[in-house]
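Worksheet: one structure, shown below.
Residue numbers (our numbering): 102 to 266.
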């Protein structure tokens, strides 16, 4: 499935080097979490580093490899019902795929699952992240822009992700 046909999809790495945010796009076909984990680790950054993924503008994922494993947040756990990549994210989180009928997904409000504190050390509290993720009227790409704004790298993020107004 070509994700570009369905909505806005992109993947970027984010790191902070010498007091400056560096945001770069990378190729991700959203078939394996390893792609984004490897992209972040390849940065070899001494500072904070993570990936922001937007899949078809249906959901987003934040991925942050750490020495103790991988922290992640999936913006809509219900997407795992019929999306293999979202299901793999829940698997990484040791979370169960929601027991929902795929035909009823449009009638169900989605919910986020994962580590809401994964960016707290950078200044984005779990409370603020929760408010952003809970806004069902905002597209996932726009939610990621809000996250980038909160952390201070919105312009770099918009340019790297190729987001158009």
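Ideal Cβ placement from N, Cα and C applies to all residues, glycine included.
(message) Using the three-state DSSP reduction, which class does residue 203 fall into: helix, strand or coil?
(response) Residue 203 sits at position 102 when you count from the first residue of the chain shown. Helix, per DSSP.
(message) Buried or exposed for residue 145, going by 16 or more other Cβ atoms inside 10 Å?
(response) Indexing the chain shown from 1 puts residue 145 at position 44. It is exposed - the Cβ of residue 145 has fewer than 16 other Cβ atoms within 10 Å.
(request) Indicate whether residue 149 and residue 114 have their beta-carbon atoms separated by less than 8 angstroms. (result) One-based indexing of the chain shown puts residue 149 at position 48. One-based indexing of the chain shown puts residue 114 at position 13. No, these two residues do not count as a Cβ contact at 8 angstroms.
(request) Would you decide whether residue 142 is buried or exposed? Buried here means 16 or more other CB atoms lie within 10 Å of its CB. (result) For the purposes of this step, residue 142 is taken as the residue at position 41 of the chain shown. With fewer than 16 Cβ atoms within 10 Å of its Cβ, residue 142 is classed as exposed.
(request) Over the uninterrupted alpha helix (DSSP H) stretch that includes residue 145, give me the two end residues. (result) Position 44 of the chain shown, counted from the first residue, corresponds to residue 145. If you look at residue 145, you'll find it isn't in any alpha helix (DSSP H); DSSP assigns it neither H nor E.
(message) My assumption, with CB atoms under 8 angstroms, is that residue 239 sits in contact with residue 206. Please give the rounded CB distance.
(response) Stepping through the chain shown from its first residue, residue 239 is reached at position 138. Stepping through the chain shown from its first residue, residue 206 is reached at position 105. Wrong, their Cβ atoms sit about 19 angstroms apart, outside the cutoff.
(message) Alpha carbons only, please: which of 228, 177, 185 is nearest the one belonging to residue 214?
(response) For this step, residue 214 is matched to residue 113 along the chain shown. Cα-wise, what sits closest to residue 214 is 177.
(message) Using only the alpha-carbon positions, how far apart do residue 132 and residue 250 sit?
(response) By 1-based counting over the chain shown, the position of residue 132 is 31. By 1-based counting over the chain shown, the position of residue 250 is 149. In a straight line, the C-alpha of residue 132 is about 28 angstroms away from that of residue 250.
(message) Please classify residue 242 as buried or exposed, where buried requires at least 16 other C-beta atoms within 10 Å of its C-beta.
(response) In the chain shown, the residue the question calls residue 242 occupies position 141. Counting Cβ neighbours within 10 Å, residue 242 comes out buried, since at least 16 surround it.
(message) Going residue by residue through the segment 158 to 217, where are the continuous alpha helix (DSSP H) segments of at least 4 residues, counting only ones entirely within it?
(response) Within the segment 158 to 217, the complete alpha helix (DSSP H) segments of 4 residues or longer fall at 185 to 193, listed in chain order.
(request) Give me the Cα-Cα distance between residue 175 and residue 236, rounded to the nearest whole angstrom. (result) Locating residue 175 in the chain shown gives position 74, where the first residue counts as 1. Locating residue 236 in the chain shown gives position 135, where the first residue counts as 1. About 14 angstroms.
(request) For the alpha helix (DSSP H) holding residue 258, just list the boundary residues, first then last. (result) Stepping through the chain shown from its first residue, residue 258 is reached at position 157. Per DSSP, residue 258 belongs to the alpha helix (DSSP H) from 255 to 262.
(request) Determine the DSSP secondary structure at residue 220, reduced to helix, strand or coil. (result) To locate residue 220, count along the chain shown from 1; it is residue 119. The answer is coil: DSSP assigns residue 220 none of H, G, I, E or B.
(message) Going by DSSP in three states, residue 225 sits in which element: helix, strand or coil?
(response) Residue numbering aside, residue 225 sits at position 124 when the chain shown is read from its first letter. Residue 225 falls in the coil class under three-state DSSP.
(request) Can you have a look at residue 193 and say buried or exposed, based on whether 16 or more other CB atoms are within 10 angstroms of its CB? (result) Translated into the one-based positions of the chain shown, residue 193 becomes position 92. Flag for residue 193 reads buried.
(request) Determine, using beta-carbon pairs with one atom in the segment 222 to 231 and one in the segment 182 to 197, whether at least three such pairs fall under 8 angstroms. (result) no
(request) Hey, could you find the ends of the alpha helix (DSSP H) residue 243 is sitting in? (result) Here the question's residue 243 lines up with position 142 in the chain shown. It spans 241 to 252 - the alpha helix (DSSP H) in which residue 243 sits, taken as one unbroken run.
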